[in-house]
Structure formats: C-alpha cells, structure tokens
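Visitor:
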Amino acid sequence: MKHLTEEQRLTIDMVRDVVAKEIAPRAQELDETAAFPEHARDLFAELGLLNPLLPEEYGGTGMPVSTLALVLE
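Counting from 1, one number per residue, gives the positions in the sequence shown under the UniProt record's numbering.
(1) Measuring CB atoms only, is the segment 52-67 touching the segment 28-39, in the sense that at least three cross pairs come out at less than 8 Å?
(2) Would you please state the rounded distance, in angstroms, between the beta carbons of residue 79 and residue 65? I believe it to be under 8 Å.
(3) Roughly how many angstroms separate the alpha carbons of residue 70 and residue 32, rounded to a whole number?
(4) With distances taken from CA atoms, which of 5, 30, 17, 9 is nearest residue 44?
(5) Please give the ranges of any beta strand (DSSP E) in the segment 10-41, keeping only runs that are unbroken, at least 3 residues long and fully inside the region.
(6) Terminal residues of the continuous alpha helix (DSSP H) containing residue 67?
(7) Can you tell me which of the three DSSP states residue 47 falls into?
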C-alpha cells in the first residue's frame with residue numbers, strides 16, 4: 001500500500017477497525033434475522049461515510065472516488 005496517501009491509509013484503517021469491532025461480531029445475527037443493520041448505518045453516519053462523495057457544504061465529506069473505492073474493498 002505504498003501508493004496510498006496518509007489520509008487514505010487512515011480512512012482504511014478506521015473502517016477496518018470499525019468493521020472488525022462493530023460489524024463483524026453481529027454479521028451472523030443480521031444474516032439469520034435479515035434485519036437491517038441500523039447500528040451500522042448510525043455508526044457510518046457518525047464517521048462521515050454515508051455521503052462520502054458529496055462536498056462538505058452539502059453534508060458529505062468530499063471524499064475522493066479513489067478513497068471510496070479503497071473503503072469499499
């Protein structure tokens with residue numbers, strides 16, 4: 001990951017950490033109940049990841065598409 005910017009590395013690390021601690025432990029339960037993961041939506045909203053491509057003045061984070069692609073991996 002030498003080609004990544006510091007901001008991209010920090011974003012990826014943050015998302016991996018959140019998924020490992022908050023999402024993965026509940027994945028089986030969500031699959032079994034087919035429940036919508038509201039806690040995940042709320043958590044990603046707090047982290048500014050619900051509208052990542054929107055400019056900040058419109059409520060997004062203005063994240064570059066390249067960073068979003070890395071997050072979605």
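Glycine included, each C-beta is placed from N, C-alpha and C at the ideal position.
Guide: So, from the data block:
(1) no
(2) Lying before the first or after the last residue shown, residue 79 is absent from the chain, which here runs from 1 to 73.
(3) 28 Å
(4) 17
(5) none
(6) 65-72
(7) coil
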